[in-house]
Amino acid sequence: MAGGGVIGVGGGDGRKPYPGNLTPYVTITCIVAAMGGLIFGYDIGISGGVTTMTPFLQKFFRRVWEKKEADKSTNQYCQYDSQTLTMFTSSLYLAALLSSLVASIVTRRLGRKLSMLFGGLLFFAGALINGFAKAVWMLIVGRMLLGFGVGFANQSVPLYLSEMAPYKYRGALNIGFQLSITVGILIANVLNYFFAKIKGGWGWRLSLGGAMVPALIITVGSLVLPDTPNSMIERGQTEEARAKLKKIRGVDDVDEEFKDLVAASDASKLVDHPWTNLLQRKYRPHLTMAILIPFFQQLTGINVIMFYAPVLFNTIGFGDDASLMSAVITGIVNVGATLVSIYGVDKWGRRFLFLEGGVQMLICQAVVAACIGAKFGVSGNPGDLPKWYAIAVVLFICIYVAGFAWSWGPLGWLVPSEIFPLEIRSAAQSVNVSVNMIFTFAVAQVFLSMLCHLKFGLFLFFAFFVVVMSIFVYYFLPETKGIPIEEMNQVWRSHWYWSRFVEEADYPNGDMEMSKGNHGPKNV
Numbered sequence: 009m010a011g012g013g014v015i016g017v018g019g020g021d022g023r024k025p026y027p028g029n030l031t032p033y034v035t036i037t038c039i040v041a042a043m044g045g046l047i048f049g050y051d052i053g054i055s056g057g058v059t060t061m062t063p064f065l066q067k068f069f070r071r072v073w074e075k076k077e078a079d080k081s082t083n084q085y086c087q088y089d090s091q092t093l094t095m096f097t098s099s100l101y102l103a104a105l106l107s108s109l110v111a112s113i114v115t116r117r118l119g120r121k122l123s124m125l126f127g128g129l130l131f132f133a134g135a136l137i138n139g140f141a142k143a144v145w146m147l148i149v150g151r152m153l154l155g156f157g158v159g160f161a162n163q164s165v166p167l168y169l170s171e172m173a174p175y176k177y178r179g180a181l182n183i184g185f186q187l188s189i190t191v192g193i194l195i196a197n198v199l200n201y202f203f204a205k206i207k208g209g210w211g212w213r214l215s216l217g218g219a220m221v222p223a224l225i226i227t228v229g230s231l232v233l234p235d236t237p238n239s240m241i242e243r244g245q246t247e248e249a250r251a252k253l254k255k256i257r258g259v260d261d262v263d264e265e266f267k268d269l270v271a272a273s274d275a276s277k278l279v280d281h282p283w284t285n286l287l288q289r290k291y292r293p294h295l296t297m298a299i300l301i302p303f304f305q306q307l308t309g310i311n312v313i314m315f316y317a318p319v320l321f322n323t324i325g326f327g328d329d330a331s332l333m334s335a336v337i338t339g340i341v342n343v344g345a346t347l348v349s350i351y352g353v354d355k356w357g358r359r360f361l362f363l364e365g366g367v368q369m370l371i372c373q374a375v376v377a378a379c380i381g382a383k384f385g386v387s388g389n390p391g392d393l394p395k396w397y398a399i400a401v402v403l404f405i406c407i408y409v410a411g412f413a414w415s416w417g418p419l420g421w422l423v424p425s426e427i428f429p430l431e432i433r434s435a436a437q438s439v440n441v442s443v444n445m446i447f448t449f450a451v452a453q454v455f456l457s458m459l460c461h462l463k464f465g466l467f468l469f470f471a472f473f474v475v476v477m478s479i480f481v482y483y484f485l486p487e488t489k490g491i492p493i494e495e496m497n498q499v500w501r502s503h504w505y506w507s508r509f510v511e512e513a514d515y516p517n518g519d520m521e522m523s524k525g526n527h528g529p530k531n532v
């Protein structure tokens with residue numbers, strides 16, 4: 009299995025793994041917190057659907073609607089190429105990028121749950137304004153507020169889940185965040201379909217205003233959730249943190265874990281400027297992962313696959329329901345595969361899922377590129393597509409979506425949230441969210457133009473990056489399965505490459521032994 013080698017949590021002092029159980033209390037807490045992903049998922053699903061609703065385009069983007077009506081060409085590659093509409097959709101990601109920088113300070117100084125509360129309130133305000141929008145400026149203001157909310161939630165929720173979960177179950181509980189993103193997308197797609205059929209053309213208001221529901225869930229959830237012991241210690245609430253740790257672990261013997269949390273907090277208090285600290289040599293592996301993992305996640309090509317789905321489903325005979333069927337079928341595959349990831353991430357490990365998902369996506373992209381190229385050619389006019397052909401391509405699209413949904417989808421959020429030491433955790437997570445939003449914005453802005461110019465070659469463009477990211481994981485990402493979060497720095501010390509950047513003296517807190525050669529590429 010990928011990332012092989014034995015990891016012993018316990019050094020020469022005979023130390024044992026942290027005791028603790030997966031208590032109902034911590035399970036429910038993590039499920040409620042993971043609902044923070046609903047706001048991001050709902051927005052991803054809803055914005056794409058709303059921008060295809062004719063009444064919405066006529067009211068706010070009339071020029072786009074007129075161009076679409078006037079363009080009767082059969083070129084499927086270029087029919088949606090509109091920078092104005094793309095800017096409306098992707099402006100949210102710029103706002104999320106800005107707010108994640110502020111959220112880093114809030115998360116560190118005021119706690120994870122307060123950052124989640126701010127996220128819920130901002131998202132609620134944005135949904136309210138969008139639902140009642142009368143002019144384009146109201147839409148843009150609403151989108152910006154939604155983006156601020158997403159920035160706060162994406163900053164705090166993955167950290168909260170990684171800190172609350174017992175280390176043996178951290179992967180599964182953290183992927184609850186990605187699961188709720190996929191559920192949010194699926195719900196939004198189904199609602200879009202029914203709201204678009206409302207007579208009078210005001211269904212788009214329900215689609216946009218409906219975002220208030222997931223916003224309320226995370227807002228109310230953040231009010232009832234406890235804060236994490238890590239965050240409480242960081243803010244000086246030491247005894248309360250010990251009591252909380254006993255409650256969430258379900259045992260009284262929490263001395264080892266508590267001692268490590270306090271030591272990590274003491275180390276973090278020596279850091280006045282976590283942003284500057286990130287540039288230190290000993291944090292080079294953490295900074296590299298905070299930048300490259302979200303960068304690669306956005307270049308898997310998931311967007312190009314989702315774009316083609318409606319065209320292909322249409323040829324199978326779904327007719328006007330093609331968009332719904334493609335969204336719902338890929339959405340169900342998305343949710344189902346994320347459940348596979350929840351089951352397997354703490355059994356098979358992160359590296360195995362990353363590498364298996366990469367191979368699966370690569371094969372599917374090559375097959376789909378060949379099929380699209382053969383039928384759509386460079387003209388973008390497929391002519392009459394036989395049903396067997398469309399069914400085969402749709403099948404490969406579903407296999408591709410499954411590969412993404414149990415690898416780069418959830419692990420792109422899980423791995424960065426679990427590898428940062430406490431002293432740089434909020435700042436590094438902010439870098440992670442910012443890079444994610446920058447490249448989500450960039451891909452969204454240039455994707456339709458690239459599709460128009462590169463045509464089916466765009467599949468090969470993304471396939472190239474899947475190869476690069478798989479090689480990167482193979483050589484440079486250590487296995488983090490089953491490692492307590494405050495002991496994580498030991499994986500860098502034993503890594504064949506990253507060990508040159510971290511010294512024993514850098515992390516006096518950790519005394520975990522690992523076998524020589526562990527996490528190197530030869531163990532895969």
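Residues in the sequence shown are numbered from 9 upward in steps of one, following my numbering.
All residues carry an ideal CB built from backbone N, CA and C; glycine is no exception.
Closer than 7 Å by C-beta to residue i: which residues in its own chain qualify, once you throw out the five before and the five after it? Chain order, please.
| i | result |
| --- | --- |
| G209 | P63 |
| L419 | R358, L361, F362 |
| Y26 | Y175, E264, E265, P492 |
| M240 | E248, A249, K252 |
| A374 | A471 |
| T488 | R358, V423, E426, I427, M496, V499 |
| T227 | L125, G128, L129, F132 |
With residue i and residue j assumed to form a contact (beta carbons below 8 Å), what rounded beta-carbon distance in angstroms separates them?
| i | j | result |
| --- | --- | --- |
| L118 | N238 | With a Cβ gap of about 14 Å, L118 and N238 do not count as contacting. |
| A161 | G44 | 4 Å |
| G28 | T190 | At roughly 29 Å, the Cβ-Cβ gap does not stay under 8 Å, so G28 and T190 are not in contact. |
| C406 | L181 | Not quite, the Cβ-Cβ distance comes to about 27 Å (not below 8 Å), so this is no contact. |
| G211 | M61 | 7 Å |
| S230 | L125 | 4 Å |
| E494 | D260 | The pair is not a contact, with the Cβ atoms about 20 Å apart (cut-off 8 Å). |
| T94 | S55 | Not a contact, Cβ separation roughly 11 Å. |
| L154 | D51 | 6 Å |
Grab me the residues of residue i's own chain with a C-beta within less than 6 Å of its C-beta, minus the 5 sequence neighbours each way, in chain order.
| i | result |
| --- | --- |
| V510 | K290, W500, R501 |
| F428 | H294, A436 |
| G57 | N200 |
| R151 | S99, L100 |
| P529 | Unreliable placement is indicated for P529, whose pLDDT of 49 sits below 50; the coordinate value is still reported in the next sentence. Cβ neighbours of P529 beyond the five flanking positions: Y482, Y483. |
| S415 | L361, F362, G365 |
| L102 | F449 |
| W73 | L65, Q66 |
| I404 | According to the sequence shown, residue 404 is Phe rather than Ile. Excluding residues within five positions, the ones whose Cβ falls inside 6 Å are C372, V375, V376. |
| A298 | P424, A436, V439, N440 |
| F447 | F303, Q306 |
| L468 | A377 |
Measure the Cβ-Cβ separation of residue i and residue j and say whether it is below 9 Å.
| i | j | result |
| --- | --- | --- |
| A141 | F68 | yes |
| G417 | I310 | yes |
| K355 | L233 | no |
| G365 | F412 | yes |
| A135 | A223 | yes |
| G258 | T31 | yes |
| L194 | V409 | no |
| L422 | I183 | yes |
| G128 | G157 | yes |
| V540 | L370 | Lying before the first or after the last residue shown, residue 540 is absent from the chain, which here runs from 9 to 532. |
| T115 | S170 | no |
| K463 | G352 | no |
| A173 | V34 | yes |
| L214 | I432 | no |
| A143 | M445 | no |
| L466 | M458 | yes |
| A507 | I113 | This sequence places Ser at residue 507; Ala is not what is there. No; because the gap between Cβ atoms is not below 9 Å, this pair is not in contact. |
Suppose you measure from the CA of residue i to the CA of residue j; what does that come to, to the nearest Å?
| i | j | result |
| --- | --- | --- |
| V40 | K395 | 43 Å |
| L485 | K75 | 47 Å |
| G218 | D274 | 44 Å |
| I340 | Q245 | 43 Å |
| P424 | I479 | 18 Å |
| L216 | F470 | 31 Å |
| S123 | C379 | 46 Å |
| D235 | R243 | 11 Å |
| A335 | V262 | 46 Å |
| L109 | G159 | 8 Å |
| I137 | T296 | 38 Å |
Quick one: what's got a C-beta closer than 8 Å to residue i's C-beta in the same chain, skipping five residues either side?
| i | result |
| --- | --- |
| S188 | A42, M43, G44, G45, L46, G49 |
| V451 | Q306, L307, N311 |
| L347 | L187 |
For chain C, find out if any of its Cβ atoms is closer than 9 Å to the Cβ of residue i; answer yes or no.
| i | result |
| --- | --- |
| Y397 | Included in the structure is just one protein chain, with no chain C present. |
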